[in-house]
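A short worksheet on the structure shown next.
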Amino acid sequence: MTSTITLAEALAAGTVVLDGGMSNQLESAGHDLSDELWSARLLAEQPEAVTEAHLAYFRAGADVAITASYQATFEGFAQRGIARERAAELMALSVESAREAARRARVPRPLWVAASAGPYGAMLADGSEYRGRYGLSVDELERFHRPRLEVLAAAGPDVLALETVPDADEAAALLRAVRGLGVPAWLTYSVAGDRTRAGQPLEEAFALAAEADEVIAVGVNCCAPQDVDGAAATAARVTGKPVVVYPNSGETWDAEARAWTGRSTFTVGQVKGWQQAGARLIGGCCRVGPDGVAGIAGALAAA
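In structure tokens form, the structure reads like this:
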């Protein structure tokens, strides 16, 4: 059902379950995501597939669906010959697809929609979202992010997910870009150990969000599960805000081969520790599917 309480209110009351990876769920349903637009391509070609992916996660126990707009940018769509007006329609459709899944889920608990805004590097589709340091100023990054954030906010999500941010400079730009939009946000970094992917200490990176009124949760995503505990504790200590965590399965992304390598290290047994470290929004990112989300929901229900 559509939520009658805000996500911020829910976080103040307890722990909320996020969904898992959009791309792996679409791939498991037989869709080819080798295109540079990744899952955003299906917004144009097969939007029903996106709705079905969201629905699978809601039925698995997720309370929040993250939209398929991670790689949806005006620049990325333009490279495929998609005009600006149509690109805006597709971004708005990403929010509506998640809303439709929430309606179809017919579950008694509140459900929310988070509009995904991936980093600048996601648009480049070359793995640079795992490195940061694009050579752009904070002002330039703000000018890149603001127009699509305006479109996503106008589509009426419950929250904006500023996610997989590899660089504190880009976080500063995103925090400026969400001001005045009237929609709360969460900010999550992609990290390696106790630093951002660009090498900045997490204490400094999280501190940027501490005084941002728009930000209702801070944390990490698209990282190894073993990096979550320390990052979650740091985020909680530095910001005093609820913490959001949704790591990958533990496998490694090979940007050249556009494939995952290694083995999964994600286990449901880790969830309680993340909660104890301050996490109030818990889910999975790449390669964590409905079964993983069901395990997270079960672990939190039993806690």
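Position 251, counted from 1, in the sequence shown is what full-length UniProt numbering calls 251; the numbers after and before it change by one each time, with no gaps.
Here a beta-carbon is modelled for each residue, glycine too, at the ideal position from N, C-alpha and C.
task: Tell whether a beta-carbon distance below 8 Å holds between N221 and S249.
output: no
task: Would you mind giving the Cβ-Cβ distance between D126 and V64, rounded to the nearest angstrom? I have them listed as a contact below 8 Å.
output: The pair is not a contact, with the Cβ atoms about 29 Å apart (cut-off 8 Å).
query: Contact between the region 178–193 and the region 156–168: three or more CB pairs below 8 Å?
result: yes
- prompt: Closest by CA to G252, which one among D291, G135, F266?
  reply: Here residue 252 turns out to be Thr, not Gly, going by the sequence shown. The shortest C-alpha separation from T252 is found at F266.
- prompt: Along the chain, where does the beta strand (DSSP E) that runs through L18 open and close?
  reply: It is not in any beta strand (DSSP E) - L18 carries neither H nor E in the DSSP assignment.
Beta-carbon proximity check, L93 vs F77, cutoff 8 Å: no
message: Measuring alpha carbon to alpha carbon, tell me which residue in I216, S23, A56 is nearest R41.
response: S23
- prompt: Apart from the five residues on each side of it in sequence, which residues of its chain come closer than 8 Å, Cβ to Cβ, to A117?
  reply: S69, Y70, H145, R148, L149, L152, L160, A161, L162, E163, L174
query: Quick one: is G180 buried, meaning 16 or more other Cβ sit within 10 Å of its Cβ, or exposed?
result: exposed
message: Does S128 come out as helix, strand or coil in the three-state DSSP assignment?
response: helix
query: Are the region 229–238 and the region 195–205 touching, with three or more C-beta to C-beta distances below 8 Å?
result: yes
- prompt: What residues are listed by DSSP as bridge partners for R195?
  reply: A192, P201
Alpha-carbon spacing of A114 relative to T67, whole angstroms: 6 Å
- request: Please list the segments of the alpha helix (DSSP H) lying wholly inside the region 47–106, counting only runs of 4 or more residues, in order along the chain.
  value: 47–60, 74–79, 84–105
Rounded straight-line distance, which links the Cα of R143 to that of A302: 45 Å
query: Can you tell me the Cα-Cα spacing of A212 and V178, whole angstroms?
result: 10 Å
message: Runs of 4 residues minimum, wholly inside the region 220–249: which ones carry the alpha helix (DSSP H) assignment?
response: 228–239
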